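Visitor: Can you keep this structure in mind? I'll have questions shortly.
Chains as they are written, first to last, in our numbering: chain A, 1 to 165; chain B, 1001 to 1518.
See below:
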């Protein structure tokens, strides 16, 4: 099923209130059911709710960027394609975001890959994971962390992983 | 022991204990060093005491106190060979013995520089292991206000962070640092899914002739027995870096651009909810996140020095190929002494995050989040044409030595072209067993065309960049030499005469270093 972005925005406007109410209820009942990456658009609101954050959205060609800012000053950008799934997340801020939250079902895979990387003599200040199913780059230090993650298999047609930033 | 610690706590958090009997303030009011045979007059003032009070002077260590009055004393450093360099002069209120202040003093032999400290790329302190491209040094840690000191080696020299962090197992007994009377603990998350955790403790730190009084430092990995908060470990998903085997060191000496490690985001954020993965107050098994004022946060030790407090200069010689050890120096201060002048060095200003731009000619990328860090072991940058080594290795493994050209661009538009070669890391390590210094070690940092250079798309100029250069790192908010821009910035020259600890080195003993990162 494909929709063009203008019809989605119309749908969002008309159904926003009931959608939000349902989401908050769901988030309260099963708070760990949603993760952002790979989740549906719903999971973006779930993230916003759990991070006690503010959100703003912007349209790009073929996808929507939802930017969440937490009280601690962490900015998380979640990339939602026209299939309404989150195909990528990026972050920057004085602290690292809760990766378990924003990677959702990908977190376990990521954590295992990170453990394997750390077994080597890698630098403390960076991490690069590039595997089927997840690409993640993380860098920084206190005051200035940044990174991004995406599932190459979820990238919308014509969208490159480097658009997640 | 408990009572001794309590007394130390009383003077530990600020160096000026504030009891009801008045607070003692000294002039000079910081740690310092003195040459043998020299003397120093110290003034004392007791504020808010009733009735008016003076001070009683006491000395721990070599030398003598002469002409003591209720408001001043003269300390005379010994004129003979200095057996123990660590001295403390203490002033105690005549009416309130718990009200004290002190000056830690380091005695220097004639003909030495107070601001020059040896550093060495020597493979590190872990027996049987050689960790590449890491500069280590030694710091002396003293219980506050005492001459009970311990030299700790194997400390990483890191211009990419701020603050001193040392394994608790290597530290002497030190008082816990507090904010509003509560003990402080800290979590530092590292991007590789590890963390550093432990109490803040207070110590007098001595590096070369530089002295830091009552410095909060991070003791890894203890926290009054409390378990590590889940917000620090991502609910157990992160691993602890605070061991010698994992850190590859006994500690990290962060000498970066910032005066504190966290800064304003840890002092307040307008919501009343303190950030996770930063400062905590642990009581029993409970460790809530907490705000900590700037003055009580982990500090860059340099900003507490008496004179050389605006930055640091690293010098490591260039080398023709892999080497078992590489000895250099770090010199504290920029433009504060004859041996740390900026001279013809090119200054690159950086963003508040410490970033600048690197343009890679080979890929056409503009990497706007690039950083310079002596704590990184290689040059890390995105380049899909350079194959990564197989397995978990973080390095490149090209079939042949590959030349790369990069242009560094500061926020002030200063530019310099850096040419270097990337060698096959597996071949390098296999062909040079035991070597610790490699100029041609590099690795991937992100992949693909980084259109905007945000996120992880950055060039990390690690320690190999420092080989054969004099590299200055200037600290945000500190006073800079005339004609230098406001910090933060870095600067470097590509040839140098390496500073010596000894002031009388002749030009013939100084090695001319040529620019060579090959």
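Backbone N, C-alpha and C define an ideal beta-carbon position, used for all residues, glycine too. On a predicted model such as this, the values are computed, not experimentally measured, just so you know.
When you compare each of A:97, A:81, A:41 and A:64 to residue 1191 (chain B) by their alpha carbons, which one comes out closest?
Guide: Position 191 of the second chain, counted from the first residue, corresponds to residue 1191 (chain B). Comparing Cα-Cα distances from residue 1191 (chain B) to each of A:97, A:81, A:41 and A:64, the minimum goes to A:97.
Visitor: Assuming residue 93 (chain A) is part of the beta strand (DSSP E), what are its boundary residues?
Guide: Taking the first chain and counting its residues from 1, one reaches residue 93 (chain A) at position 93. 86-93 is the extent of the beta strand (DSSP E) around residue 93 (chain A).
Visitor: Buried or exposed: which applies to residue 1271 (chain B), given that a residue is buried once 16 or more other Cβ atoms fall within 10 Å of its Cβ?
Guide: Taking the second chain and counting its residues from 1, the one referred to as residue 1271 (chain B) is at position 271. When all chains shown are included, residue 1271 (chain B) counts as exposed.
Visitor: Does the stretch 1431-1447 of chain B come close enough to the stretch 1098-1112 of chain B that 3 or more CB-CB pairs lie under 8 Å?
Guide: Not touching, per the Cβ criterion.
Visitor: Along the stretch 1340-1370 of chain B, what residues have a CB closer than 9 Å to any CB found in chain A?
Guide: Of all residues in the stretch 1340-1370 of chain B, 1351, 1352, 1353, 1354, 1355 and 1369 have a Cβ within less than 9 Å of some Cβ in chain A.
Visitor: For the beta strand (DSSP E) holding residue 1213 (chain B), just list the boundary residues, first then last.
Guide: On the second chain, residue 1213 (chain B) is found 213 positions in, with the first residue counted as 1. Start and end: 1210-1220.
Visitor: Counting only the same chain and skipping the five closest in sequence on each side, list residues whose C-beta sits under 8 Å from that of residue 1157 (chain B).
Guide: Walking along the second chain from the start, residue 1157 (chain B) turns up at place 157. Same-chain partners within the cutoff: 1119, 1135, 1136, 1137, 1253, 1255, 1314, 1330, 1374 and 1375.
Visitor: Output, in sequence order along the chain, the residues in the stretch 1391-1413 of chain B whose CB is closer than 8 Å to any CB in chain A.
Guide: Those would be 1391, 1392, 1393 and 1394, in chain order.
Visitor: Are the C-beta of residue 1062 (chain B) and some C-beta of chain A separated by less than 7 Å?
Guide: Sequence index remark: in the second chain, residue 1062 (chain B) carries index 62 (1-based). False, the Cβ-Cβ gap to chain A never drops below 7 Å.
Visitor: Skipping 5 residues on each side, what residues in its chain have a beta carbon closer than 6 Å to that of residue 1048 (chain B)?
Guide: Counting from 1 along the second chain, the entry for residue 1048 (chain B) is found at position 48. Excluding residues within five positions, the ones whose Cβ falls inside 6 Å are 1022.
Visitor: Can you tell me whether residue 1101 (chain B) is helix, strand or coil according to DSSP?
Guide: On the second chain, residue 1101 (chain B) is found 101 positions in, with the first residue counted as 1. Residue state, collapsed to three classes: strand.
Visitor: So what does residue 58 (chain A) bridge to, in DSSP terms?
Guide: Taking the first chain and counting its residues from 1, one reaches residue 58 (chain A) at position 58. Answer is A:65.
Visitor: Please give me, in chain order, every unbroken run of the beta strand (DSSP E) with length at least 3 that falls completely inside the stretch 1329-1388 of chain B.
Guide: Segments of the beta strand (DSSP E) lying fully in the stretch 1329-1388 of chain B: 1346-1349, 1356-1360, 1365-1372 and 1379-1381.
Visitor: Could you tell me the alpha carbon to alpha carbon distance between residue 131 (chain A) and residue 113 (chain A), rounded to whole angstroms?
Guide: Against the first chain, residue 131 (chain A) aligns to sequence position 131. Against the first chain, residue 113 (chain A) aligns to sequence position 113. Using only the alpha carbons, I get a separation of about 9 Å.
Visitor: Can you find the residues in the same chain that come closer than 8 Å, C-beta to C-beta, to residue 106 (chain A), ignoring five residues on each side of it along the sequence?
Guide: As a position in the first chain, residue 106 (chain A) is number 106, starting the count at 1. Cβ neighbours of residue 106 (chain A) beyond the five flanking positions: 35, 37, 38, 133, 134, 149 and 151.
Visitor: According to a CB-to-CB cut-off of less than 9 Å, which residues of the stretch 132-163 of chain A neighbour chain B?
Guide: The stretch 132-163 of chain A vs chain B, Cβ under 9 Å: 135, 136, 137, 138, 139, 140, 141, 142, 143, 144, 145, 146, 147, 148, 160, 161, 162 and 163.
Visitor: Against residue 117 (chain A), what residues of chain B qualify as contacts under a CB-to-CB distance less than 9 Å, listed in chain order?
Guide: Residue numbering aside, residue 117 (chain A) sits at position 117 when the first chain is read from its first letter. By Cβ distance, chain B contributes 1192, 1193, 1392 and 1394.
Visitor: Taking the alpha carbon of residue 71 (chain A) as the point to measure from, which residue in B:1287, B:1274 and B:1334 has its own alpha carbon closest?
Guide: Along the first chain, one-based indexing puts residue 71 (chain A) at 71. Out of B:1287, B:1274 and B:1334, B:1274 has the C-alpha closest to the C-alpha of residue 71 (chain A).
Visitor: With burial defined as no fewer than 16 other Cβ atoms inside 10 Å of the residue's Cβ, what is the status of residue 1189 (chain B): buried or exposed?
Guide: Taking the second chain and counting its residues from 1, the one referred to as residue 1189 (chain B) is at position 189. Buried, since its Cβ has 16 or more Cβ neighbours within 10 Å.
Visitor: With a threshold of 16 other CB atoms inside 10 Å of the CB of residue 1502 (chain B), please say whether the residue is buried or exposed.
Guide: Within the second chain, numbered from 1, the residue matching residue 1502 (chain B) stands at position 502. Exposed, because fewer than 16 other Cβ atoms sit within 10 Å of the Cβ of residue 1502 (chain B).
Visitor: Tell me whether residue 100 (chain A) sits in a helix, a strand or coil according to DSSP, three-state version.
Guide: Residue 100 (chain A) sits at position 100 when you count from the first residue of the first chain. Residue 100 (chain A): helix per DSSP, three-state reduction.
Visitor: Relative to chain A, which residues along the stretch 1187-1219 of chain B have a C-beta separation below 7 Å, given in chain order?
Guide: Hits within the stretch, in order: 1188, 1189, 1190, 1191, 1192, 1193 and 1194.
Visitor: Under three-state DSSP, which class holds residue 1048 (chain B)?
Guide: Residue 1048 (chain B) sits at position 48 when you count from the first residue of the second chain. Residue 1048 (chain B): coil per DSSP, three-state reduction.
Visitor: Closest Cβ-Cβ distance between residue 1158 (chain B) and chain A: below 7 Å?
Guide: As a position in the second chain, residue 1158 (chain B) is number 158, starting the count at 1. So, not an interface residue.
Visitor: Looking at residue 1368 (chain B) and the ligand NAP, is the gap between the Cβ and the nearest heavy atom below 6 Å?
Guide: This structure lacks the ligand NAP; in fact it carries no ligand of any kind.
Visitor: Taking buried to mean at least 16 other C-beta atoms within 10 Å of its own C-beta, is residue 1415 (chain B) buried or exposed?
Guide: If you number the second chain from 1, residue 1415 (chain B) lands on position 415. By the 10 Å Cβ count, residue 1415 (chain B) comes out exposed.
Visitor: Looking at the strands, I want to know which residues DSSP matches up with residue 1142 (chain B).
Guide: Position 142 of the second chain, counted from the first residue, corresponds to residue 1142 (chain B). Its beta-bridge partners are B:1149 and B:1204.
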